[in-house]
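A quick write-up on the structure given underneath.
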Amino acid sequence: MGHVIAVSGKGGVGKTTLCGLLIQYLCENGKHPVLAVDADANANLNEVLGVEPEITLGELREEIERAGVDPRYQIPSGMTKQAYLEMRLSDAIVEEDDYDLMVMGRTQGQGCYCFVNGLVQTQVQKLQSHYPYIVVDNEAGMEHISRGILPMMEVAILVSDCSRRGVQAAGRIAKLMNELNFKPQKTGLIVNRVPDGKLDAGTLEEIRNQGLELLGVVPHDDQVYQYDCDGKPIIRLPKDSPVRSALGEIVKKLGL
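The sequence shown: position 178 = 177 (numbering that gives the first Met the number 0), numbered continuously.
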């Protein structure tokens, strides 16, 4: 069975960037093929990786839902919606040399994401045996955790910036996983965008207060910001990038 690594945290702390670099590290170190899962309705892991999905699970759900009502969406005669869905699910996976990407995406208009969340869960369970590693970029906050979308996670990586709010959010996610009796073999915190790569006393105090294990820190790097502004995939950062180097050392400590 594939090792499931779930990445979670407060919005805006750079977890998707680190998720993309984690996927890159695994691929470059012979851990491929990796299944990358963007489990966020506001998907952007594909931009970090520099690929474009043909269709997201959310768009596929809309296609199935509107078939027979909207002439743009047609199911072949004699085929049930479920059979058509099963046939089309492979189109929702972008196949690259060393990894495949599945994007949750969002439904259109009003309505909840229950069906699409369910698709993510069933697809991960179905595909888990096909990949040595599955890396899941969860949406910001706690919903995916509370829904039990990834109860089989082996490694839970919580991401925060240097703010107390970010660390507190990571602590709440860790506590929720414990309450729901999730038992990843490893749970820890990465603090991202750290000035000069050094945490101040206040941040360290809050990490201790939350009872979190600090896996490591990733320094602030203006080059990441510039790549984002220029629309360049973050995984194209040079190999000597301090961000890539720091994350690589953290992954080595995890033994992945």
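By construction, the Cβ of each residue, glycine as well, lies at the ideal position given by its N, Cα and C atoms.
Note that the structure is a prediction, hence the values are computed from the model and not measured.
To the nearest angstrom, how far is it from the Cα of residue i to the Cα of residue j?
i	j	result
residue 238	residue 43	22 Å
residue 167	residue 82	44 Å
residue 197	residue 75	59 Å
residue 52	residue 194	34 Å
residue 104	residue 133	18 Å
residue 203	residue 78	58 Å
residue 261	residue 171	The displayed coordinates of the chain run from 0 to 255. Any statement about residue 261 would go beyond what the structure contains.
residue 189	residue 13	10 Å
residue 173	residue 117	22 Å
residue 181	residue 97	29 Å
residue 17	residue 160	12 Å
residue 92	residue 230	22 Å
residue 95	residue 200	43 Å
residue 73	residue 66	5 Å
residue 185	residue 135	15 Å
residue 164	residue 41	22 Å
residue 46	residue 234	10 Å
residue 130	residue 121	15 Å
residue 209	residue 169	8 Å
residue 207	residue 250	22 Å
residue 139	residue 36	14 Å
residue 162	residue 80	47 Å
residue 126	residue 151	13 Å
residue 23	residue 254	16 Å
residue 224	residue 10	16 Å
residue 55	residue 240	31 Å
residue 21	residue 70	42 Å
Which class does residue i belong to by DSSP, given the choice of helix, strand or coil?
i	result
residue 94	strand
residue 186	strand
residue 71	coil
residue 82	helix
residue 221	helix
residue 176	helix
residue 59	helix
residue 166	helix
residue 12	coil
residue 236	coil
For residue i, report the span of its beta strand (DSSP E) as first-last.
i	result
residue 215	213–218
residue 137	132–137
residue 6	2–8
How would you write the range of the alpha helix (DSSP H) that residue i sits in, first residue to last?
i	result
residue 244	241–253
residue 157	Unbroken run through residue 157 is the beta strand (DSSP E), 154–159; no alpha helix (DSSP H).
residue 202	200–208
Taking 6 Å as the cut-off, is the beta-carbon of residue i closer than that to any non-hydrogen atom of the ligand ATP?
i	result
residue 232	With respect to the ligand ATP, the structure offers nothing, as it holds no ligand at all.
Are three or more beta carbon pairs between the region 25–32 and the region 199–217 nearer than 8 Å? Taking one beta carbon from each stretch, the region 25–32 and the region 199–217 have fewer than 3 pairs nearer than 8 Å; the two do not touch.
Suppose only complete runs of 3+ residues qualify. What are the beta strand (DSSP E) ranges in the region 26–53, listed by chain order? You should have 33–38.
Touching or not, the region 150–163 and the region 1–9, by the rule of three or more beta carbon pairs under 8 Å? They touch, by the three-pair rule.
So, does the region 49–64 touch the region 82–100, judging by three or more C-beta pairs under 8 Å? Touching, per the Cβ criterion.
Do the region 240–253 and the region 216–225 make contact, defined as three or more Cβ pairs closer than 8 Å? The region 240–253 is in contact with the region 216–225.
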